[in-house]
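**Student:** In this note's numbering, the protein residues as written are 10 to 374. Mind having a look at this structure? Questions to follow.
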C-alpha cells in the first residue's frame, strides 16, 4: 500500500510539473549565407536545440521564402531573413508574443509589431553609420551634413590627401533612403524631389556603389579614402584594424541637417505554424547570454542595455532607426535608378523622375 501511494505521488508530481523542452526536439531554421556570422554554434551550446540549414545565396525572397511561407511548408520551422524581406512575408507569418518586447530596442521592434504580436523578431542591431579618419579633418569643418562633407572631401582631394575620398559598404538603396531622410528631417514619401536629386548628384560625384568591407578597409589604411559609410555591424572590427595601424577613426551618426535617420538593415527571425514548444525554443535568441555573445563577434545586440560601452555609442544613441518607406518593387525602382546614374552616367533628375513614375503606377494598380 505504501509503495502504491509513493508511486501515485510521483505520478502526480510529474503530471503537475511544467513541461520541459525535450532535448531531441529541434527547430529547423533556414539561414542565408550572409547571416551565418550571427550563429556560432560552438560558443552557444543552447543552439543544440536548433538545426541550422544554410540557404543558397541565389535563392531569395521572390522564390524560396515566399514559397515556404505561403504553402506552410514543413521544411522549416523558422527562417532568418534580411529586414527588407520581412514585410513581403508578413501575411503568412506566425507572430511572437508582444511581451517579448521588454528590454529590447523599441524603435526596431515597433517596425515589426502588429496588434497580433511581433511578426518578425529582430536578432541584431544594424544600420548605416559614418566613419572617418580624424587627422585629415582636423583643420576642416566637422562633416555634420552632406554639404560640409562634400566640401571637405573636395578640399582633401585638391590637396592630394585623398584620391577617392569617400566610399560605402552599404547597399545603395539603404544608404540613399537613410541619407535622404536625414537631409529632409523626415522619412521620404517620394523618390523624386529637390533633396533626392541633390543626393543623387552626390552619389554620382563620389561613385557610391557598394564595395566589400575589406576593400573599404584597404582604402582607408592606404589613405586613398578618408571616410566611409559602413554598417554598424562592421564598425568594431574596422576600428580595431585602423587602430593597429595608428589611425584614429571616429564613428558618428549619418551626416544630417536636423536629425540622423538610418534604415534598419539587420536580420530577423520569422516562422509559421508555431506551437508552444517552438515558441519556447525561439525565446532563446532573446536571452542575455546569446545576445551578449554578439558583442564578442562585433555584432550589436537588440538588447538596449548592451551598448553602453560601445565605441559606436554616439552613433547608436543619436540615430533614429526607421523601416523601408517603400514596398519591395519601389526599392527595386530606386536601385535601378542609382545604377543608371552611378554606373551608366545617366542624368540624376531624369532617372528619379522615371523611378517616381513607376512607383506611382504601381500604387495606382
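Glycine included, every Cβ here is placed at the ideal spot set by N, Cα and C.
1. Could you tell me if residue 204 is buried or exposed, where buried requires 16 or more neighbouring beta carbons within 10 angstroms of its beta carbon?
2. What does the alpha-carbon distance come out to for the pair residue 320 and residue 278?
3. Going by C-alpha to C-alpha distance, which of 159, 194, 161, 215 sits closest to residue 354?
4. If you scan the segment 179-264 from start to end, which runs of the alpha helix (DSSP H) of 4 or more residues do you find wholly inside it?
5. Count the other CB atoms within 10 Å of the CB of residue 83; is the residue buried (16 or more) or exposed (fewer)?
6. Where residue 302 and residue 135 are concerned, what is the direct C-alpha to C-alpha distance, given to the nearest angstrom?
7. Along the chain, which unbroken stretches of the beta strand (DSSP E) at least 3 residues long are found entirely within the segment 298-369?
8. Whole angstroms is fine: what's the gap from residue 276's alpha carbon to residue 300's?
9. Hey, quick one: how far does the alpha helix (DSSP H) through residue 173 stretch, first residue to last?
10. Using beta carbons (cut-off 8 Å, strictly below), is residue 297 in contact with chain D?
11. Please state whether DSSP places residue 92 in a helix, a strand or coil.
12. Is residue 276 helix, strand or coil by DSSP?
13. Which residue comes first and which comes last in the beta strand (DSSP E) that contains residue 138?
14. Is it a yes or a no for the segment 281-289 touching the segment 101-121, going by three-plus beta-carbon pairs under 8 Å?
15. Whether or not the segment 321-335 and the segment 149-157 are in contact is what I'm after, with contact meaning three or more pairs of Cβ atoms, one per stretch, closer than 8 Å; do they touch?
16. Can you look up residue 44 in the DSSP assignment and give me helix, strand or coil?
17. Identify whether residue 133 lies in helix, strand or coil by the three-state DSSP scheme.
18. When you compare the segment 162-169 with the segment 219-231, are there three or more beta-carbon pairs, one atom per stretch, that lie closer than 8 Å?
19. Going by alpha carbons, who is nearest to residue 185 out of 173, 210, 161?
20. Determine the burial state of residue 124: buried for a count of at least 16 other Cβ atoms within 10 Å of its Cβ, exposed for fewer.
21. Say yes only if the C-beta of residue 262 is nearer than 7 Å to one or more non-hydrogen atoms of the ligand ADP, and no if none qualify.
22. Out of 117, 264, 345, which one is the CA nearest neighbour of residue 160?
23. When the Cα atoms are used, what is the spatial distance from residue 341 to residue 111?
24. Using 8 Å for Cβ pairs, my map puts residue 197 next to residue 334. What's the rounded Cβ distance?
25. Taking one C-beta from the segment 234-254 and one from the segment 113-122 each time, how about it: are there three or more such pairs within less than 8 Å?
26. Any idea what DSSP makes of residue 98, helix, strand or coil?
**Tutor:** Taking the structure as given:
1. Under this definition residue 204 is a buried residue.
2. Approximately 27 Å between the Cα atoms of the pair.
3. Considering only alpha carbons, the answer is 215.
4. Assignment of alpha helix (DSSP H) within the segment 179-264, counting only whole runs of 4 or more residues, yields 181-193, 203-215, 222-231, 241-253 in chain order.
5. By the neighbour-count rule (16 or more Cβ atoms within 10 Å), residue 83 is not buried but exposed.
6. In this structure, the alpha-carbon of residue 302 lies about 16 Å from that of residue 135.
7. The DSSP assignment places 329-331 as complete runs of the beta strand (DSSP E) inside the segment 298-369, in order along the chain (cut-off: 3 residues).
8. Approximately 13 Å, taken between the alpha carbons.
9. Neither: residue 173 is in no alpha helix (DSSP H) and is coded neither H nor E.
10. Within the model displayed, chain D is absent; a lone protein chain is all it includes.
11. Of the three classes helix, strand and coil, the one that applies to residue 92 here is helix, per DSSP.
12. Of the three classes helix, strand and coil, the one that applies to residue 276 here is strand, per DSSP.
13. Residue 138 -> beta strand (DSSP E) spans 137-142.
14. The segment 281-289 vs the segment 101-121: in contact.
15. No, because fewer than three Cβ pairs between the segment 149-157 and the segment 321-335 fall closer than 8 Å, the two stretches do not touch.
16. Reduced to three states, the DSSP call for residue 44 is helix.
17. Taken through DSSP and simplified to helix, strand or coil, residue 133 comes out as strand.
18. Counting Cβ pairs under 8 Å, fewer than three are found: no touch.
19. Residue nearest to residue 185 within the set 173, 210, 161 is 210 (criterion: CA-CA distance).
20. When all chains shown are included, residue 124 counts as exposed.
21. The ligand content of the structure shown is nil, which means the ligand ADP is not present either.
22. Of the candidates 117, 264, 345, the one whose C-alpha sits nearest the C-alpha of residue 160 is 264.
23. Each residue's alpha carbon lies about 35 Å from the other.
24. About 6 Å separates the two Cβ atoms, so the contact holds.
25. Here the segment 234-254 makes no contact with the segment 113-122; the two share fewer than three CB pairs at distances below 8 Å.
26. If DSSP states are grouped into helix, strand and coil, residue 98 belongs with the helices.
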